[in-house]
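Residue numbers (our numbering), protein chains in the order written: chain A, 4 to 465; chain B, 428 to 894.
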């Protein structure tokens, strides 16, 4: 009995252990400036993902065999002082297992694709270090049994995303876009952390057993009042909106397409973009306590879906068009969660992620595919035109076209009304400090003023 | 009082002083660097041995073997306790690694002799519990940077104005506290004066301008070593926390919270790497004082853990920036530099230490922040939100600086800019501390928990005495 319990423990541990080990190995060799060869990296990545995948399947088999729908593995407490206890808990249930399986299957596919796609690319090793960081983050997030563990994984995913967007870093635009993604993620992280603090304060712990009850997902019951659920839920919704690019944070998603195609596929087509929806699913017992909150979630989901469908129609490059197509589906998934259709949303996530990954991977060869089709039919592909065109005045159509082309002016709105005024306050403080130190030192106090800018800057973003 | 097996503390203080005399006599900067590393390393070994010896004894306080000061003047000048035991080797290590990582271009400008003197002063202050000795040592600690500013023909007025005010307030506060006819009614006033001194030394807004000025005008190494041992926080724990009424402690919390958020915001708009680093440092060091406000075991443990994590993380971050400066001169943050292809290892170190400083998962700072927020929220719920806000801004500032320094363009260089062996050793040592502390936090946190209880006990004892 002891042996079988230990085996299950080991099996569960290796689901997250394998990608973490991969990260440690690749990270260590990068840190000492001795990156592994492409072949060795490829093999290690495959081995780690395969181990993680097999272990997850093993856990599914064990749970099915025992007819258990919720199983928790608590790693030995990392920290214990006074009444404070910090441990890493892994939760295997009908939400986490499908999600982690999906992540491993898609990461394995993309991993193989990327090893060819980035062959002899100077950033090959950097890509796979960040990829390992992402897989580790995904596994930890999906299987987290406490809010702290979930946050740890959530942060790893965010960091890897931002750096992969800026993968082609010899150009300024990827860096600018990477920073934009990271900024939105930090806002999302802050909302998540504040939600975690509020929950800690209300329930006295961050364990999902305490927060969401011990029943298997999605039947848990949160020990919060309706008002408390509304506050926590709104904070979680902001966190989810940032991570899943819901309105008004949608502007970062097309910018994220600046990264290499494999990472665009797995991050913004398949897994990372669904992380916000996953968060809402995980905390669904809290959501159902507040009808107002559910209404807000449905509204936000539908607005995002409508916005993305509109913006996606006028995009001129395939990856951006696909990113808006993804966002349309994510919006619908969020609306489903708001309506309480938990399993529908989960199935929708899995189906959508698989389809979109395929589409992203085919994107670089789209022109070739079109030519093949046109050659086969012997003519250009027919262009569909809406029957409603005649019913809408041209000025209105033009307005909507511009609105869609500018992606709803969301980015400009956030920059002009949030980022700039915020930075202006601190620039003003900086000017005051300069006056004060100039006065104290009786002359110009800043040597750094003599430094000159040599090339493009990030100023237009921050 | 219990005694260590050897006079570790006195050795740790004396060795760098002797080293300073030796190094001052040398004319060759490379030889000066080598001897400086030797003496600094020896002092670090003594400091580490002292700390290990203290933990093996398992007592609350211990003095040196033979305790010479006690025999000569009847005072226990140097005492190791739960608070100072890990700080002593850690601070000494920062001095050692800074000397080790000093590259060719910086060797001539960086004063190794005065750095050894500073190391001795810091170690003496950290080994001391005598208020007047702490006041004296913290006051003279400002002398080496002042002399360096003078030697470099830079303005000293901003630095000296603040340091003179700092020393004056400390002396006034301590005098008021210890005057024979002082009554318990005077204690809050004495605490306020001492608190003012702590605010200046810790760089609490709006009294922080000396720190940015120091980073502007002194060498990066000197500025780094003057701020990273967090002597302001040390003065707060030794001089203010034991006597300050709760209202004043709440004041510390509010001012330091404001500083944390303000400095994080200021880091975002800086146009030069040193100033950016200074504000990132201020934002994090202020968090240590936030935890001191709570005076609960968890909050205080969190603050002390943040203290332990800020040292290695921000020193590593600073050393990485210093290494970049050694290759590129002063770094502007108004344009892209594209240094990644030339110095990939420095880029990795930059991200690692930068993320560690903002308390990223897997680093010691993560648990420190977690404990701090947990403890502080109980006393003042808004603390958690402000800390999270500051962390978010710092995170954006660090990644923004990364993109500006390492990406965005192709940097053309005719000479190799790769990280040197000594720099790699310094940064990897700090990285090992950061990650090791994050993956196996229990020993470090337990030690800080004991230190927190020790501080609370001392505070309660003083309160009873005052009554």
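Quick reminder that beta carbons are idealized off the backbone N, C-alpha and C, glycines included.
Rounded straight-line distance, which links the Cα of residue j to that of residue i
i: residue 404 of chain A; j: residue 395 of chain A; result: 12 Å
i: residue 749 of chain B; j: residue 489 of chain B; result: 37 Å
i: residue 876 of chain B; j: residue 867 of chain B; result: 15 Å
i: residue 481 of chain B; j: residue 614 of chain B; result: 33 Å
i: residue 82 of chain A; j: residue 491 of chain B; result: 32 Å
i: residue 451 of chain B; j: residue 653 of chain B; result: 20 Å
i: residue 895 of chain B; j: residue 117 of chain A; result: Outside the shown range of chain B (428 to 894) lies residue 895 of chain B, about which nothing can therefore be said.
i: residue 461 of chain B; j: residue 546 of chain B; result: 16 Å
i: residue 304 of chain A; j: residue 341 of chain A; result: 8 Å
i: residue 271 of chain A; j: residue 259 of chain A; result: 8 Å
i: residue 470 of chain B; j: residue 497 of chain B; result: 22 Å
i: residue 501 of chain B; j: residue 732 of chain B; result: 34 Å
i: residue 564 of chain B; j: residue 707 of chain B; result: 26 Å
Test item: CB-CB of residue i and residue j under 7 Å
i: residue 127 of chain A; j: residue 121 of chain A; result: yes
i: residue 769 of chain B; j: residue 711 of chain B; result: no
i: residue 744 of chain B; j: residue 790 of chain B; result: no
i: residue 739 of chain B; j: residue 862 of chain B; result: no
i: residue 449 of chain A; j: residue 643 of chain B; result: yes
i: residue 566 of chain B; j: residue 594 of chain B; result: yes
i: residue 268 of chain A; j: residue 364 of chain A; result: yes
i: residue 233 of chain A; j: residue 223 of chain A; result: no
i: residue 618 of chain B; j: residue 686 of chain B; result: no
i: residue 585 of chain B; j: residue 527 of chain B; result: no
i: residue 729 of chain B; j: residue 802 of chain B; result: yes
i: residue 93 of chain A; j: residue 76 of chain A; result: yes
Three-way DSSP call (helix, strand, coil) for residue i in this model
i: residue 577 of chain B; result: helix
i: residue 668 of chain B; result: coil
i: residue 2 of chain A; result: Because chain A in this structure spans residues 4 to 465, residue 2 of chain A falls outside the shown range and cannot be described.
i: residue 491 of chain B; result: coil
i: residue 149 of chain A; result: strand
i: residue 76 of chain A; result: strand
i: residue 275 of chain A; result: helix
i: residue 249 of chain A; result: coil
i: residue 378 of chain A; result: helix
i: residue 409 of chain A; result: coil
i: residue 83 of chain A; result: strand
i: residue 657 of chain B; result: coil
i: residue 568 of chain B; result: coil
i: residue 94 of chain A; result: strand
i: residue 787 of chain B; result: coil
i: residue 422 of chain A; result: helix
i: residue 465 of chain A; result: Unreliable placement is indicated for residue 465 of chain A, whose pLDDT of 45 sits below 50; the coordinate value is still reported in the next sentence. Of the three classes helix, strand and coil, the one that applies to residue 465 of chain A here is coil, per DSSP.
Buried or exposed (CB count within 10 angstroms, at least 16 for buried), residue i
i: residue 46 of chain A; result: exposed
i: residue 372 of chain A; result: exposed
i: residue 870 of chain B; result: exposed
i: residue 833 of chain B; result: buried
i: residue 185 of chain A; result: buried
i: residue 339 of chain A; result: buried
i: residue 68 of chain A; result: exposed
i: residue 31 of chain A; result: exposed
i: residue 635 of chain B; result: buried
i: residue 9 of chain A; result: exposed
i: residue 443 of chain B; result: buried
i: residue 207 of chain A; result: exposed
Close Cβ partners of residue i (< 6 Å) along its chain, the five nearest in sequence each way excluded
i: residue 201 of chain A; result: 235
i: residue 181 of chain A; result: 165, 168 and 169
i: residue 257 of chain A; result: 323 and 326
i: residue 463 of chain A; result: For residue 463 of chain A, the predicted model reports a pLDDT of 47, less than 50, meaning its position is unreliable; a value from the coordinates is still stated below. Counting only Cβ-Cβ distances below 6 Å, and skipping sequence neighbours, we find nothing.
i: residue 885 of chain B; result: 669
7 Å Cβ cut-off: residues of chain C touching residue i
i: residue 185 of chain A; result: Within the model displayed, chain C is absent; protein chains A and B are what it includes.
Sequence-distant residues of its chain with Cβ nearer than 8 Å to residue i (five each side left out)
i: residue 312 of chain A; result: 327 and 331
i: residue 416 of chain A; result: 251
i: residue 484 of chain B; result: 429 and 431
Neighbourhood of residue i by C-beta distance below 7 Å, restricted to the same chain and skipping five residues each side
i: residue 107 of chain A; result: 52, 55, 56 and 59
i: residue 529 of chain B; result: 460, 537 and 648
i: residue 557 of chain B; result: 502 and 504
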